[in-house]
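First up is the structure itself, then whatever we jot down about it.
In full-length UniProt numbering, the protein residues as written are 1 to 221.
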């Protein structure tokens, strides 16, 4: 049924032709959880406690075993399931799902969707961890071979609360991404390190130049 609908406009859904559509398979899927805004305001060290599970499940759509697209299946009030979303870049979703598969033995593996970004969350023992959303450009280049970097959730909670306050207090449209805000400090630290290294290098060059200039200066009779 899905393939029949896609075959009417293969290119519109990102496929080369009908033959490609016939080769797609449904990959890994997980239930979607949304962040409750009221609970987020009061959160400090747990993101899992702010979540509300949805009657939606998001799946990867595979072509030749690789993520090609994604789709959302929703359960309606009558208990029936239907496809409510199809298409889009699957790489950030694939990264989150893959991350939960490779972190080892965990409890409460959870997929969080905020706007069109994905956060993986889980527990190891009594400690909660998150895997922050990845920029699309980053997942495009990394693929699924990179190891995830689980972190405790406090920093991400701070970022989400800041974005929440900016949107409500200043009337902003919230167009900035969670990923860009989360990794902004890392980028700033990298920029500072590069600037400091450049200053040190320039100072060293100047000292060498001054030393050589003094040595070349002719002695007065």
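Idealized CB from N, CA, C, for every residue including glycine. Computed from a prediction, not measured in an experiment: that's the story for all the values here.
Exposure of residue i, with buried meaning 16 or more beta-carbon neighbours within 10 Å
i, result
"residue 41", "exposed"
"residue 155", "exposed"
"residue 101", "exposed"
"residue 81", "exposed"
"residue 128", "buried"
"residue 91", "buried"
"residue 151", "exposed"
"residue 207", "exposed"
"residue 66", "exposed"
"residue 171", "Model confidence at residue 171 stands at a pLDDT of 46, short of 50, so the residue's coordinates are unreliable; what they give is reported in the following sentence. Counting Cβ neighbours within 10 Å, residue 171 comes out exposed, since fewer than 16 surround it."
"residue 55", "exposed"
"residue 75", "exposed"
"residue 121", "buried"
Whether residue i touches residue j by CB criterion (8 Å)
i, j, result
"residue 7", "residue 21", "yes"
"residue 35", "residue 57", "no"
"residue 153", "residue 130", "yes"
"residue 112", "residue 61", "no"
"residue 68", "residue 59", "no"
Beta-bridge partners of residue i, as assigned by DSSP
i, result
"residue 151", "130"
"residue 51", "35"
Short CB-CB distance (under 8 Å) between residue i and chain B
i, result
"residue 150", "Within the model displayed, chain B is absent; a lone protein chain is all it includes."
Three or more C-beta pairs below 8 Å linking the segment 11–19 and the segment 29–39: Using a Cβ-Cβ distance cut-off of 8 Å, the segment 11–19 and the segment 29–39 are not in contact, since fewer than three pairs of beta carbons, one from each stretch, lie closer than that value.
Curious, which full-length beta strand (DSSP E) runs of at least 3 residues does the segment 53–141 contain? For the segment 53–141, whole beta strand (DSSP E) runs of length 3 or above, ordered along the chain, are 66–75, 81–86, 107–114, 117–124 and 127–131.
Quick check for students: name the residue ranges of the alpha helix (DSSP H) that lie wholly in the segment 2–46, counting only runs of 4 or more. Annotation note: the segment 2–46 contains the following uninterrupted alpha helix (DSSP H) runs of length 4 or greater, listed N- to C-terminal: 2–6, 18–23 and 37–42.
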